[in-house]
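Residue numbers (this note's numbering): 63 to 324.
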């Protein structure tokens with residue numbers, strides 16, 4: 063009578079996750095095969111290197127069978143998905159994010175997150191026209207998160223195409239938003255020392271100065287349904303010189319009118 067000695071299976075391999083490099087935390091030798099399917103069909107042999115991982119997938123590992131030993135029982139590696147993208151908004155009036163960005167997030171003006179900065183646990187100052195990209199930072203137990211691109215629109219502009227206004231009784235101005243907007247009305251236009259005579263299309267206005275001195279035209283933040291920044295701190299300013307009835311135009315990006323200027 064002969065005895066058949068049946069060897070036990072080899073021990074199952076075991077792998078963890080290196081969340082920084084998004085790979086297994088150990089080399090996968092050529093003696094180990096892996097698959098996304100529990101039945102190992104198809105399977106791939108290890109390469110004596112760390113294995114790149116895809117967040118949200120499940121991988122199965124086992125020691126391969128040979129001519130004189132069984133395969134091991136499988137080891138299941140559950141790879142967590144990336145954290146969800148954040149949803150920061152814009153406070154157009156204060157030109158900041160609408161909520162605090164805590165230091166579990168990183169942000170960058172680059173889509174590839176070069177030169178990233180950590181959240182300051184406070185709202186962020188925004189630069190009109192410069193988008194920001196946000197994501198959850200990686201930790202020892204999670205991958206970096208999906209990206210939110212916060213589209214930060216440019217400022218609207220208030221301009222005039224009139225080069226010589228010495229004979230103009232009405233001044234034509236164009237209010238230009240960076241994208242198509244809705245909800246803008248004549249009542250949203252603030253004019254000092256002048257009268258709004260008409261508003262046409264998107265958006266051409268005519269303003270008639272009233273008295274000698276400064277005439278300013280501006281709009282506030284959030285006058286359109288989509289949200290908007292102010293054009294500048296003082297908007298469009300023109301000077302009426304009564305003696306010759308000349309209208310000279312200048313734009314002052316950051317020069318609010320003082321009471322003594324009038």
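Glycine is no exception: its CB is placed at the ideal position from the N, C-alpha and C atoms.
Using the three-state DSSP reduction, which class does residue i fall into: helix, strand or coil?
i           : result
residue 88  : coil
residue 97  : strand
residue 249 : helix
residue 184 : strand
residue 318 : With a pLDDT of only 38 at residue 318, under 50, the local geometry of the prediction cannot be trusted, and the value read off the model is given with reservation. Note: residue 318 maps to coil in three-state DSSP.
residue 117 : coil
residue 313 : Unreliable placement is indicated for residue 313, whose pLDDT of 41 sits below 50; the coordinate value is still reported in the next sentence. DSSP places residue 313 in strand when its eight states are reduced to three.
residue 169 : strand
residue 271 : strand
residue 112 : coil
residue 259 : strand
residue 289 : coil
residue 164 : coil
residue 79  : strand
residue 206 : coil
residue 266 : strand
residue 298 : strand
residue 282 : coil
residue 156 : coil
residue 237 : strand
residue 192 : coil
residue 122 : strand
residue 220 : strand
residue 197 : strand
residue 277 : strand
residue 107 : strand
residue 128 : strand
residue 139 : strand
residue 254 : strand
residue 232 : coil
residue 66  : coil
residue 178 : coil
residue 242 : coil
Using CA atoms only, rank isn't needed, just tell me which of the options is closest to residue i.
i           : options            : result
residue 124 : 255, 211, 133, 298 : 133
residue 173 : 197, 183, 158      : 197
residue 275 : 256, 291, 290, 267 : 256
residue 210 : 199, 194, 224      : 194
residue 69  : 130, 250, 99       : 130
residue 332 : 109, 122, 176, 79  : This structure gives no information on residue 332, because the portion of the chain shown stretches from 63 to 324.
residue 137 : 95, 170, 127       : 95
residue 242 : 74, 224, 288       : 288
residue 117 : 286, 169, 82       : 82
residue 265 : 179, 151, 221      : 221
residue 203 : 75, 177, 85        : 85
residue 159 : 176, 190, 286      : 190
residue 184 : 171, 291, 165      : 165
residue 296 : 270, 219, 273      : 219
residue 188 : 205, 127, 162      : 162
residue 263 : 234, 270, 273      : 234
residue 126 : 74, 294, 205, 272  : 74
residue 157 : 192, 147, 244, 97  : 192
residue 223 : 298, 259, 76       : 298
residue 328 : 215, 97, 109       : The requested residue 328 is not part of the displayed model; the chain covers only 63 to 324.
Measure how close the beta-carbons of residue i and residue j come, nearest whole angstrom, since I'm counting them as under 8 Å.
i           : j           : result
residue 155 : residue 283 : 4 Å
residue 181 : residue 167 : 4 Å
residue 208 : residue 142 : Wrong, their Cβ atoms sit about 13 Å apart, outside the cutoff.
residue 248 : residue 237 : The pair is not a contact, with the Cβ atoms about 11 Å apart (cut-off 8 Å).
residue 120 : residue 135 : Not confirmed; about 16 Å, so no contact.
residue 212 : residue 150 : 6 Å
residue 286 : residue 253 : Contact flag wrong, Cβ pair sits at about 18 Å.
residue 176 : residue 169 : Actually they are not in contact, since the Cβ atoms of residue 176 and residue 169 sit about 12 Å apart, beyond 8 Å.
residue 281 : residue 267 : Not confirmed; about 11 Å, so no contact.
Taking 7 Å as the cut-off, is the C-beta of residue i nearer than that to any heavy atom in the ligand GDP?
i           : result
residue 264 : Of ligands this structure carries none, so the ligand GDP is not represented either.
Taking contact to mean 3 or more Cβ pairs, one atom from each stretch, closer than 8 Å, check whether the region 77-97 and the region 111-128 are in contact.
yes
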